[in-house]
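Each remark here refers to the structure printed beneath this line.
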Amino acid sequence: MINKGLSRLGIFFLYLVSLLPFWALYLVADCLFVVLYYIIGYRRDVVQENLQNAFPEKTVAERNDIEKKYFRFLADLIIETIKMVSISEKEMLRRVVCTNPEIVQNYEAIGKSVTAVAGHYCNWEWAGLGFSIDTRLFVIYKPLTSDVFDNYFIKVRSRFGAVAVAMKQTLRTMVAHKNEFTVTVFAGDQTPVREQTNYFTEFLNQQTAVFLGIEKIAKLIDSAVIFYDMKRVKRGYYTYTIVPLIENSKDSAPNEITEAHVKYLDSMIRREPQYWLWSHRRWKFKPEPII
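Every number in our numbering is 402 more than the matching position in the sequence shown, counting from 1.
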């Protein structure tokens, strides 16, 4: 009871912070960067290990530069996520621009559902929130351990019409809407649970356990598969381009969809690596050695 009360108090505080104008929020982000990078060193060991394994060809100085840029961006990302609870539709559309929305509009015109894959890259939360203004999205998410904060993020992600679907409810939800036009958004770089680490492929120079559920769902509803290619224009402004990967999922070869979205994310991260979530422990599982 006490924990829930404190959580609600924390959410109220975050709401008050979100009401600050962007110029003030980014001053907070500048201070937050100092705290994360210099004072507490938030998961710097994880970031450094991930960067070393992903980019062994880069010098120590180059990896250190990426690390520092990453923490600057992480501070901005935290502040921008807080802002989601109060930002207006008009402001959201001004700050996150889709360069080719007609791709999804064309699929809708012919009744072809879409499986959209994104990574934890740039501000993926803003991309989903912005796109949901004009398109009904099903956003697949991994529930948080705190019920209070989990419900808070469900409400935030659903502010402009998106439907937040817990991972375990994905199959049931897709079957229920199989005969409707749907756009379902997955995070392609989510770490699978240990019981589902059956498929490994190369991602950022490492054999990586990949969640196969995206491909299974896409084939079930025979959707088109697209990727959100996101770019940061400047502080607080982003664009994203819809990249078609697979036109007819049922006709794709085994693992073709999975390989396609993993390889695209790999190339996107290599383009500007500081915008991926390097503090995440992505490589918890290793493939079994072949004897």
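By construction, the Cβ of each residue, glycine as well, lies at the ideal position given by its N, Cα and C atoms.
The structure displayed is predicted, hence computed values, not measured ones.
Buried or exposed, going by whether 16 or more other CB atoms sit within 10 Å of the CB of residue i?
i, result
"K621", "buried"
"L546", "exposed"
"R596", "exposed"
"R465", "buried"
"N452", "buried"
"K485", "buried"
"R496", "exposed"
"A463", "exposed"
"T593", "buried"
"W680", "buried"
"R684", "buried"
"Y440", "exposed"
"F414", "exposed"
"T610", "buried"
"D432", "exposed"
"N525", "buried"
"S625", "buried"
"L531", "buried"
"S490", "exposed"
Report back the beta-carbon spacing between residue i and residue j to the nearest angstrom; my notes put them in contact at under 8 Å.
i, j, result
"Y677", "V645", "About 17 Å separates the two Cβ atoms, so there is no contact after all."
"I619", "T660", "Actually they are not in contact, since the Cβ atoms of I619 and T660 sit about 12 Å apart, beyond 8 Å."
"A568", "Y630", "Actually they are not in contact, since the Cβ atoms of A568 and Y630 sit about 21 Å apart, beyond 8 Å."
"V550", "S409", "4 Å"
"D478", "Y428", "7 Å"
"I344", "P675", "The requested residue 344 does not occur in the structure, where the chain is confined to residues 403 to 693."
"V448", "V558", "In fact, because the Cβ distance is near 26 Å, the residues do not count as touching under 8 Å."
"L438", "L476", "6 Å"
"F455", "N607", "With the sequence shown as reference, residue 455 is identified as Asn, and Phe is not the correct amino acid for it. Indeed, because the Cβ distance is near 6 Å, the residues count as touching under 8 Å."
"I535", "F555", "With 8 Å as the limit, I535 and F555 do not qualify as a contact, their Cβ atoms being about 18 Å apart."
"F435", "F473", "6 Å"
"F602", "P656", "Between P656 and F602 the Cβ distance is about 15 Å, and since that is not below 8 Å, they are no contact."
"I623", "K686", "Actually they do not touch by this definition, with Cβ atoms about 30 Å apart."
For residue i, which three-state DSSP category applies?
i, result
"Y543", "strand"
"L606", "coil"
"P646", "strand"
"V516", "strand"
"W680", "coil"
"F588", "strand"
"T641", "strand"
"Y523", "strand"
"V595", "coil"
Could you please give the first and the last residue of the uninterrupted beta strand (DSSP E) stretch that includes residue i?
i, result
"K376", "With the chain covering only 403 through 693, there is no way to say anything about residue 376."
"F583", "Unbroken run through F583: none, as it is neither H nor E."
"A511", "From DSSP, A511 is part of no beta strand (DSSP E) but of the alpha helix (DSSP H) over 504-511."
"V487", "Careful: V487 lies outside any beta strand (DSSP E) and carries neither H nor E."
"A568", "565-568"
Quick one: give me the first and last residue of the alpha helix (DSSP H) that residue i is part of.
i, result
"V436", "424-436"
"A456", "446-456"
"A529", "526-533"
"V558", "549-559"
"V612", "First-last for V612: undefined, no H or E at that position."
"K686", "Here K686 belongs to no alpha helix (DSSP H), and DSSP marks it neither H nor E."
"Y666", "658-673"
"T575", "572-578"
Inter-stretch contact at 8 Å, needing at least 3 Cβ pairs: the region 510-523 / the region 572-588: yes
Examine the Cβ distances between the region 534-548 and the region 647-663 and report whether three or more of them are shorter than 8 Å. no
For the pair the region 497-506 and the region 631-643, tell me if three or more CB-CB distances fall below 8 Å. yes
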